[in-house]
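A.B. asks:
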Amino acid sequence: MTAHLLYGGAGILLFVLGVWSFLVHEALLRKVIALNVMGSGVFHLLIAIAERGSLPPDPVPHALVLTGIVVAVSATALALAMGRRLEDEDDAR
Amino acid sequence: MNRPAKLMIGLLLCLFALVLLWVFHVALTQPPGARLADLALASLPLSGVTNPVTAVLVNYRAYDTLLELAVLLAALLGIWSLGAATPGFQPAGSALAAMVSWVVPLLILTGGYLLWVGGYAPGGAFQAGALLGAAGVLLRLAGDERAGLPSERAQRRLAVAGIAVFALVGLGTMVAGTGFLTYPQRWSKWLILLAETAATVSIGVILAAAYAGGKPRSRASDGATP
Numbered sequence: 001m002t003a004h005l006l007y008g009g010a011g012i013l014l015f016v017l018g019v020w021s022f023l024v025h026e027a028l029l030r031k032v033i034a035l036n037v038m039g040s041g042v043f044h045l046l047i048a049i050a051e052r053g054s055l056p057p058d059p060v061p062h063a064l065v066l067t068g069i070v071v072a073v074s075a076t077a078l079a080l081a082m083g084r085r086l087e088d089e090d091d092a093r
Numbered sequence: 094m095n096r097p098a099k100l101m102i103g104l105l106l107c108l109f110a111l112v113l114l115w116v117f118h119v120a121l122t123q124p125p126g127a128r129l130a131d132l133a134l135a136s137l138p139l140s141g142v143t144n145p146v147t148a149v150l151v152n153y154r155a156y157d158t159l160l161e162l163a164v165l166l167a168a169l170l171g172i173w174s175l176g177a178a179t180p181g182f183q184p185a186g187s188a189l190a191a192m193v194s195w196v197v198p199l200l201i202l203t204g205g206y207l208l209w210v211g212g213y214a215p216g217g218a219f220q221a222g223a224l225l226g227a228a229g230v231l232l233r234l235a236g237d238e239r240a241g242l243p244s245e246r247a248q249r250r251l252a253v254a255g256i257a258v259f260a261l262v263g264l265g266t267m268v269a270g271t272g273f274l275t276y277p278q279r280w281s282k283w284l285i286l287l288a289e290t291a292a293t294v295s296i297g298v299i300l301a302a303a304y305a306g307g308k309p310r311s312r313a314s315d316g317a318t319p
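As given, the protein sequences belong to chains A and B, one line each in that order. With the first letter of the first sequence counted as 1, position 3 gets the number 3 in our numbering; the numbers rise by one all the way through. Our numbering runs 93 ahead of the 1-based position in the second sequence.
#1: Note down, in chain order, each residue of its chain lying with its Cβ closer than 6 angstroms to the Cβ of residue 152 (chain B), except the 5 sequence neighbours on either side.
#2: Less than 8 angstroms separating the Cβ of residue 300 (chain B) from some heavy atom of the ligand MN?
#3: Do the CB positions of residue 38 (chain A) and residue 14 (chain A) come within less than 9 angstroms of each other?
#4: List the DSSP bridge partners of residue 177 (chain B).
#5: Based on Cα-Cα distance, which residue from B:168, B:166, B:147 lies nearest to residue 65 (chain A)?
#6: Would you be able to state if there are at least three C-beta pairs under 8 angstroms between the stretch 106–125 of chain B and the stretch 200–216 of chain B?
#7: Only counting the same chain, and skipping five residues up and downstream in sequence, which positions put a Cβ closer than 6 angstroms to that of residue 176 (chain B)?
#8: Quick one: Cα of residue 19 (chain A) to Cα of residue 263 (chain B), how far?
#9: What's the call for residue 233 (chain B), buried or exposed, on a 16-neighbour Cβ count within 10 Å?
#10: From residue 179 (chain B) to residue 301 (chain B), what does the alpha carbon distance come to, in whole angstroms?
#11: Taking Cβ positions only, does residue 304 (chain B) come closer than 9 angstroms to chain A?
#12: Beta-carbon within less than 8 angstroms of residue 207 (chain B)'s beta-carbon, same chain only, minus the 5 sequence neighbours each way: which residues are those?
#13: What residues from chain A crowd round residue 219 (chain B), counting only those whose CB sits closer than 9 angstroms?
#14: Where does residue 192 (chain B) sit, in a helix, a strand or coil, going by DSSP?
#15: Taking contact to mean at least 3 C-beta pairs separated by less than 8 angstroms, is the stretch 267–275 of chain B in contact with the stretch 186–200 of chain B?
#16: What is the DSSP secondary structure of residue 62 (chain A), counted as helix, strand or coil?
#17: Using 9 angstroms as the limit for Cβ to Cβ distance, is residue 161 (chain B) near chain A?
#18: Would you kindly check if the distance between the Cβ of residue 43 (chain A) and the Cβ of residue 68 (chain A) is under 9 angstroms?
#19: Along chain E, which residues have their Cβ under 7 angstroms away from the Cβ of residue 91 (chain A)?
Printed below as a string of structure tokens:
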């Protein structure tokens, strides 16, 4: 119970830190990192919720997190490529 | 953004975190209601694999995994459409080059192991693909402009292979009469292994190509083995 609360609480903390950084900082790179931190928080929370008491852990949230990680990685890669392109345009001007 | 606004946002988010923590605590203290886990674990013997997470990913929610491969492919297409990749780094020093020549084969071997072990223990296509992608990242950091990938044409085919094999397996099961991506029980293990193998290669190629950050530059010796 305490372990669950600690792990899930850490997830919530990461998520809120990510939201704060996303709203406060202007640089695109920091926003992308903040989004990733938010995502990590959500993954933490999902994994923490998957195991309840003495029952075997629920495989569905685990699979969801795996899916989520891959989507987050690809979205990050696309965002970084777009950010680099934007900077190239700014430099050219 | 000025200081008071930042502080205000921080305060509001602290309150938000407290509310979320309270909700989480309440959710934990409640007895778990009906869970999908019971259903997932009960039909595990029918799924062809014994690792419940793999069963969820490639059997029960196979459609979802198919579309996820499409997301990866779409991201790579987006990256490629933004322009050419940056030139690679200078060739690695002898220490790094020696390390890479040891670590990359090990990564590929471990990827193959993880792919196979996914049937009955934690592992599977995504973990194995991530390792292959990491091998590509290492190669690019050590000076290989193309992250160890073959020519652009081959990269295109490999990137599409995962989703194509997955869709073909789905169409095959449809023709066999069990419905899209509903594996017949006798064949399910091998169909899952086939789809996962193609997915692993695709994920590895897409991640490594995404790390290169753009369309591969044509080399003078294009088509030569990397």
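Glycine included, C-beta positions come from ideal geometry on N, C-alpha and C.
C.D. replies: Checking against the coordinates, here is how it stands:
#1: The residue given as residue 152 (chain B) occupies position 59 in the second sequence. The answer, listed in chain order, is 140.
#2: Inclusion of the ligand MN in the displayed structure is not the case, the ligand content being empty and no account of it being possible.
#3: Residue 38 (chain A) sits at position 38 when you count from the first residue of the first sequence. Residue 14 (chain A) sits at position 14 when you count from the first residue of the first sequence. Closer than 9 angstroms, so yes.
#4: As a first step, residue 177 (chain B) is located in the second sequence; it is residue number 84 there, counting from the start. Looking at the DSSP assignment, residue 177 (chain B) forms a beta bridge with B:308.
#5: By 1-based counting over the first sequence, the position of residue 65 (chain A) is 65. Per the Cα distances, B:147.
#6: no
#7: Your numbering for residue 176 (chain B) matches position 83 in the second sequence. Cβ within range, chain order: 307.
#8: As a position in the first sequence, residue 19 (chain A) is number 19, starting the count at 1. As a position in the second sequence, residue 263 (chain B) is number 170, starting the count at 1. Rounded to the nearest angstrom, the two C-alpha atoms are 39 angstroms apart.
#9: Your numbering for residue 233 (chain B) matches position 140 in the second sequence. By the 10 Å Cβ count, residue 233 (chain B) comes out buried.
#10: Along the second sequence, one-based indexing puts residue 179 (chain B) at 86. Along the second sequence, one-based indexing puts residue 301 (chain B) at 208. Looking at the two C-alpha atoms, the distance is approximately 14 angstroms.
#11: For the purposes of this step, residue 304 (chain B) is identified with residue 211 of the second sequence, where counting begins at 1. Answer yes: the Cβ-Cβ gap between residue 304 (chain B) and chain A drops below 9 angstroms somewhere.
#12: As a working mapping, residue 207 (chain B) is identified with position 114 in the second sequence. 216, 217, 220, 221, 224.
#13: Indexing the second sequence from 1 puts residue 219 (chain B) at position 126. Neighbours of residue 219 (chain B) on chain A, chain order: 66, 67, 69, 70.
#14: Position 99 of the second sequence holds residue 192 (chain B). In the structure shown, residue 192 (chain B) sits in a helix (DSSP, three-state: H, G or I).
#15: no
#16: For the purposes of this step, residue 62 (chain A) is taken as the residue at position 62 of the first sequence. Correct three-state label for residue 62 (chain A): helix.
#17: The residue given as residue 161 (chain B) occupies position 68 in the second sequence. At least one chain A Cβ lies under 9 angstroms of residue 161 (chain B).
#18: As a working note, residue 68 (chain A) is residue 68 in the first sequence. As a working note, residue 43 (chain A) is residue 43 in the first sequence. Closer than 9 angstroms, so yes.
#19: Within the model displayed, chain E is absent; protein chains A and B are what it includes.
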